[in-house]
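Single-structure report; data block below.
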Amino acid sequence: MPPSLKAPRSGPAKMKLNSQADAEKLTETKEALQHQGDASGSPRKGLEEELRNKQALFKKSSQVSQLQAELQRSELENKKLRREIEDGMLKRKETTNSFRNVAKEVDEPAMLPTKRPRTTQEQPTTLGLHTPSSILIKRERYFERILAKGSGDRG
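In terms of numbering that gives the first Met the number 0, the sequence shown opens at residue 0 and continues consecutively.
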């Protein structure tokens, strides 16, 4: 059996076929109503009203099928976005875990170098550890002036 003759199982394609069948039924009822109205004359008003009702129903059903298709598309997009967000969160979690693992490895005593006492040259200076840079600059200029005056006296 060719694939074009197979009936779709679900989704918008099935809705389209239903709307096509509805359209065919609508044209058949139009023709039938025209023949009946011509034969009797008076029941034509009721038949025209019935025809208008069927046309309105057909329009509403096609709108419903379009909205359902749009809803399915938006649901698929939402699922994709949720997956991307979850993947991003998992990746972020993995990177933080890897950083923690590296930190644990570094904290192990086997990884640290042996401790030895510092010499006086390696000792950190207490001058200017938590002082603003402007004060440090003033101190530096002051010491430069003292050194400049001292070198002039020697020569």
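Backbone N, C-alpha and C fix where the C-beta goes; we use that ideal spot for every residue, glycine too.
Cβ separation of residue 26 and residue 53, assumed to be a contact under 8 Å, to the nearest whole Å: For this step, residue 26 is matched to residue 27 along the sequence shown. For this step, residue 53 is matched to residue 54 along the sequence shown. Going by Cβ atoms, the distance from residue 26 to residue 53 rounds to 11 Å, so no, they are not a contact pair.
Cutoff 7 Å; reference residue 24; Cβ partners in own chain excluding five residues on either side: Walking along the sequence shown from the start, residue 24 turns up at place 25. So the list is empty, once near-sequence residues are dropped.
Reference residue 31; option with closest CA among 47, 20 and 147: Along the sequence shown, read from residue 1 onward, the residue named residue 31 stands at position 32. Cα-wise, what sits closest to residue 31 is 47.
Spatial neighbours of residue 134 in its chain, beta-carbon cut-off 6 Å, leaving aside the 5 residues before and after: On the sequence shown, position 135 is the one that residue 134 refers to. For residue 134, where only same-chain residues beyond five positions count, there are no Cβ hits under 6 Å.
Rounded C-alpha distance that separates residue 158 from residue 141: Nothing about residue 158 can be reported from this structure: the residues present for the chain run from 0 to 154 only.
Distance between beta carbons of residue 20 and residue 57, contact taken as under 8 Å: For the purposes of this step, residue 57 is identified with residue 58 of the sequence shown, where counting begins at 1. For the purposes of this step, residue 20 is identified with residue 21 of the sequence shown, where counting begins at 1. Not confirmed; about 11 Å, so no contact.
Buried versus exposed call for residue 148 [16 or more other C-beta atoms within 10 Å across all chains shown]: On the sequence shown, position 149 is the one that residue 148 refers to. Exposed is the call here.
Alpha-carbon to alpha-carbon, residue 132 and residue 145: Start at 1 with the first residue of the sequence shown, and residue 145 comes out as number 146. Start at 1 with the first residue of the sequence shown, and residue 132 comes out as number 133. Those two C-alpha atoms are separated by around 20 Å.
Length of the line joining the Cα atoms of residue 45 and residue 64: For this step, residue 45 is matched to residue 46 along the sequence shown. For this step, residue 64 is matched to residue 65 along the sequence shown. Near 29 Å, if we compare the C-alpha coordinates of residue 64 and residue 45.
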